[in-house]
Amino acid sequence: MRYACGINGAETFNAAVDLACQAEEAGWDGFFLPDGISIGTYPLFDPWVVMGAIAARTKRIRFGTMITPVSRRRPWKLARECVTVDQLSAGRLILAVGMGAAADDGGFTKVGEATDLKVRAKRVDEGLEILNGLWKGKPYSFSGEHYRVDNMVMVPRPVHKPRIPIWVVGVWDKPKSMHRALDWDGIIPQKFRDWHPLSADDIRKVRDYVAKHRQGKGPFEIICGGSTGGKKSKRASEIVRPFIDAGATWWVEPDPSLERIRQGPPI
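For the sequence shown, our numbering begins at 25 and goes up steadily by one.
Now the structure itself:
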């Protein structure tokens with residue numbers, strides 16, 4: 025199991041970067057930022073600029089977005105942003121993606137972005153295909169319902185091989201959503217219209233589903249998470265251990281305090 029902090033934001037740009045540095049020093053394996061344009065009056069900074077600063081000030085910790093709504097982004101612009109941060113960090117970027125919620129989605133619907141579920145799903149599928157194609161560094165073309173690429177070459181290629189890891193939100197247990205995630209490098213399982221964290225028993229079922237439907241496709245991450253309290257304690261390890269036994273590979277601690285970050289991972 026690897027352990028990450030997932031922050032909702034920070035009061036200042038430098039504070040967000042400092043939290044990542046504190047997390048690395050305390051022994052956390054990952055650090056994740058939101059990717060939105062507006063969360064009410066809460067301070068929010070462009071995660072790609074923040075991650076550039078994190079990459080320059082850290083050496084080991086992996087980091088990324090949680091999550092990037094691919095349906096609301098131009099895939100070629102996202103591809104370039106990812107490669108830039110991946111190069112700057114020597115291959116430490118993780119891209120966690122989803123469709124973007126129809127409401128309460130970081131401000132995208134306030135500027136007229138698509139809310140139709142089928143449209144968002146199709147844009148994610150096409151967007152991910154374009155990311156993967158452009159990252160190969162060879163002439164690439166794509167013609168889809170929403171996007172078109174005509175013989176584009178994007179260099180340099182990512183440092184991380186075979187590609188920058190892509191983790192995809194998968195709705196348990198909706199087959200179409202689950203299979204979208206299984207095509208990539210990791211799953212962030214969620215329940216349909218239920219934002220409560222999945223239980224260890226749920227994660228075990230996800231693990232079994234992955235084993236059955238993703239045979240022979242290489243390593244695959246199962247991401248879960250939840251709060252282990254305000255301080256590192258025996259209780260924290262007791263919360264996490266059932267998820268380890270269930271097959272989860274990453275634990276994301278949601279919006280931990282600076283004190284909790286400094287105490288390090290739960291185990």
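We treat Cβ as the ideally placed atom computed from N, Cα and C, and that holds for glycine.
**alpha helix (DSSP H) runs contained entirely in the stretch 215-248, provided each spans 4 or more residues** = 224-237
**Prompt:** When DSSP builds the beta bridges, which residues end up paired with Ile-277?
**Reply:** Looking at the sequence shown, residue 277 is not Ile but Glu. Answer is Cys-29.
**Prompt:** Pro-58 by DSSP, collapsed to three states: which one?
**Reply:** coil
**Request:** Going by DSSP, name the residue or residues bridged to Trp-52.
**Result:** According to DSSP, which records beta bridges pairwise, Trp-52 is partnered with nothing at all.
**Asked** If we ignore side chains and look at the alpha-carbon of each, how far apart do His-220 and Ser-95 end up?
**Response** 23 Å
**Message:** What does the Cβ neighbour count give for Phe-216, buried or exposed, with the cut at 16 atoms within 10 Å?
**Reply:** exposed
**Asked** Name the DSSP bridge partner or partners of Phe-166?
**Response** Val-173
**Message:** So, does the stretch 168-177 touch the stretch 187-202, judging by three or more C-beta pairs under 8 Å?
**Reply:** No: the two stretches stay apart, fewer than three of their Cβ pairs being nearer than 8 Å.
**Prompt:** Under the three-state reduction of DSSP, which class applies to Pro-71: helix, strand or coil?
**Reply:** Pro-71: helix per DSSP, three-state reduction.
**Prompt:** Could you give the distance in angstroms between the alpha-carbon of Pro-180 and the alpha-carbon of Gly-115?
**Reply:** So the alpha carbons of these two residues sit roughly 13 Å apart.
**Message:** Spatial neighbours of Gln-111 within its chain, please: C-beta separation below 7 Å, excluding the five flanking residues on both sides.
**Reply:** Same-chain partners within the cutoff: Pro-180, Val-183.
**Prompt:** What are the uninterrupted segments assigned as alpha helix (DSSP H) that are 4 or more residues long and contained completely in the stretch 75-121, given in chain order?
**Reply:** 99-112
**Prompt:** So which of Gln-46, Gly-254, Gly-249, Ile-154 has the shortest CA-CA distance to Leu-102?
**Reply:** Ile-154
**Request:** Just the C-alpha distance for Thr-92 and Lys-258, rounded to the nearest angstrom, thanks.
**Result:** 34 Å
**Prompt:** In terms of residues, what are the limits of the alpha helix (DSSP H) holding Gly-151?
**Reply:** 141-158
**Request:** Check the C-beta distance from Ala-120 over to Gly-88 and give it rounded, since I have them as a contact under 8 Å.
**Result:** 6 Å
**Prompt:** Applying the criterion that 16 or more other CB atoms from any shown protein chain within 10 Å of the CB defines a buried residue, is Ser-167 buried or exposed?
**Reply:** By the 16-neighbour rule on beta-carbons within 10 angstroms, Ser-167 is exposed.
**Request:** Can you check DSSP and say which residues form a bridge with Gly-194?
**Result:** Answer is Pro-213, bridged to Gly-194.
**Request:** For Val-148, count neighbouring Cβ atoms within 10 angstroms of its own Cβ and tell me buried if that reaches 16, exposed if not.
**Result:** buried
**Prompt:** When burial is assigned at 16 or more other CB atoms within 10 Å of the CB, is Pro-280 buried or exposed?
**Reply:** buried
**Prompt:** Hey, out of His-203, Thr-108, Asp-53, whose CA is closest to Thr-82's CA?
**Reply:** Asp-53
**Request:** With a threshold of 16 other CB atoms inside 10 Å of the CB of Asp-209, please say whether the residue is buried or exposed.
**Result:** Asp-209 sits buried, since 16 or more C-beta atoms from the chains shown fall within 10 Å of its C-beta.
**Request:** Sort Glu-137, Glu-283, Arg-228, Ile-118 by Cα distance to Gly-124 and report the nearest one.
**Result:** The candidate whose alpha carbon is nearest that of Gly-124 is Glu-137.
**Message:** From the DSSP secondary-structure annotation, give me the bridge partner or partners of Ile-268.
**Reply:** DSSP, once it has assigned bridges, lists no residue as partnering Ile-268.
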